[in-house]
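Beneath this line is the structure, given in structure tokens, with notes to follow.
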Amino acid sequence: MGNIFGKKKQTRVTEQDKAILQLKQQRDKLRQYQKKINIQLSKERVLAKQLLKDGKKEKALLLLKKKRYQDKLLDKTETQISNLERLVQDLEFAQIEKKVIDGLKVGNECLKKMHEAMSIEEVERIMDETQDAIEYQRQIDDMLAGSLSQEDEDAVLAELDAITQGDVDLPDVPADELPDVPEQKPERTFQEESRAAGCMRTSAPPSAPPSAPPSAAPPSAPPSAAPPSAAPSAAPSAAPPSAPPSAPPSAPPSAPPPPRLLQTTHEGLK
């Protein structure tokens, strides 16, 4: 099991891949040749300068001719490298185009197989069967919806008559505009009246005591008993019957009326 699943899948090398590989190898060799010539040119340039210093002009001239020839080789090498790179790019792009064409070919084959399994006549037959099935189902629904008993029919008609009669009895909405309602100030609420009454109750008791004595007229009744006291002055000889003048001391029992009147007044204020 380990050998089966652990083994790597071998990729297939095509002729195009081999050609691209060879072209890239040749390109790399040309670049190495360029580097080698550049190194030689640098050395020969230094040697030519040294020969000129030593007075060996002819040898220096030969080195310069050789350098000129090598420069031309470098130019040819650069041109060949450019051609190789262009060819490699063309081959790589051709491989991509081939993959695209292969994909299109596979797609067309799949479409053909699907069209063979799903022809136009088959599609028309399926659509007709679908339409027939829909029509058949609609007929079944109509039959089920219309299967009402006579009692149900009578009940439905009675309900329809009741709705119609109800619509006839409804009055028409008047088309005239409604009169304007006069604006009135809002009446005082119960809470506001309660608060006002509470304020009156709290402010009334302090003023009640001063007003009580004027209303207590009964205490002035004892002085009205002066006529009995006038009798002694008219008859000085009647000393024994001087008891009536002692009647004023009996006035204190009549003093309670003022407190009772004050109490009733205070209760009325509460």
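Numbering-wise (my numbering), the sequence shown opens with residue 208 and increments by one.
All C-beta atoms in this analysis are idealised placements derived from N, C-alpha and C, irrespective of residue type, glycine included.
query: When the Cα atoms are used, what is the spatial distance from D224 to L291?
result: The count along the sequence shown starts at 1 and reaches residue 224 at position 17. The count along the sequence shown starts at 1 and reaches residue 291 at position 84. Whole-angstrom Cα-Cα distance: 15 Å.
field: Coil, strand or helix - K263 by DSSP
entry: The count along the sequence shown starts at 1 and reaches residue 263 at position 56. Coil at K263, not helix or strand.
message: Could you check whether the Cβ of K250 sits closer than 8 Å to any Cβ belonging to chain C?
response: This model lacks chain C altogether; it includes just one protein chain.
- prompt: In three-state terms, what does DSSP make of T284?
  reply: Indexing the sequence shown from 1 puts residue 284 at position 77. Three-state DSSP puts T284 in a helix.
- request: Rounded to whole angstroms, what's the CA-CA distance from I303 to L237? Just pull it up for me.
  value: Walking along the sequence shown from the start, residue 303 turns up at place 96. Walking along the sequence shown from the start, residue 237 turns up at place 30. Roughly 27 Å separates the two Cα atoms.
Residues of its chain near I227, where Cβ-Cβ distance is below 7 Å and the 5 sequence neighbours each way are ignored: Position 20 of the sequence shown holds residue 227. A distance below 7 Å between beta-carbons, with the five flanking residues on each side excluded, links I227 to the following residues of its chain, in chain order: V295, L298 and E299.
message: Please report the distance separating the alpha-carbon of K250 from that of K279.
response: Against the sequence shown, residue 250 aligns to sequence position 43. Against the sequence shown, residue 279 aligns to sequence position 72. One C-alpha to the other measures close to 17 Å.
- prompt: Run through DSSP, which three-state label would L318 get?
  reply: As a first step, residue 318 is located in the sequence shown; it is residue number 111 there, counting from the start. In the structure shown, L318 sits in a helix (DSSP, three-state: H, G or I).
task: Let me know the secondary structure DSSP gives V313 once reduced to three states.
output: Translated into the one-based positions of the sequence shown, residue 313 becomes position 106. Correct three-state label for V313: helix.
S249 in three-state terms, based on DSSP: One-based indexing of the sequence shown puts residue 249 at position 42. Three-state result, S249: helix.
- prompt: Near K231, which residues of its chain fall below 7 Å by C-beta distance, leaving aside the five closest residues on each side in sequence?
  reply: The residue given as residue 231 occupies position 24 in the sequence shown. So the list reads V295, once near-sequence residues are dropped.
query: For the putative contact between I244 and L281, defined by C-beta atoms under 8 Å, what is the C-beta separation to the nearest angstrom?
result: Translated into positions along the sequence shown, residue 244 becomes position 37. Translated into positions along the sequence shown, residue 281 becomes position 74. About 6 Å separates the two Cβ atoms, so the contact holds.
- request: Give the secondary structure of M334 by DSSP, where H, G and I count as helix, E and B as strand, and everything else as coil.
  value: Position 127 of the sequence shown, counted from the first residue, corresponds to residue 334. Annotated three-state conformation of M334 is helix, per DSSP.
message: Taking the beta carbon of A352 as the centre, do at least 16 other beta carbons fall within 10 Å, making it buried, or is it exposed?
response: Mapped onto the sequence shown, residue 352 falls at position 145. Exposed, because fewer than 16 other Cβ atoms sit within 10 Å of the Cβ of A352.
For R234 and I506, believed in contact at Cβ under 8 Å, the rounded distance: No answer is possible for residue 506: the residues shown for the chain start at 208 and end at 477.
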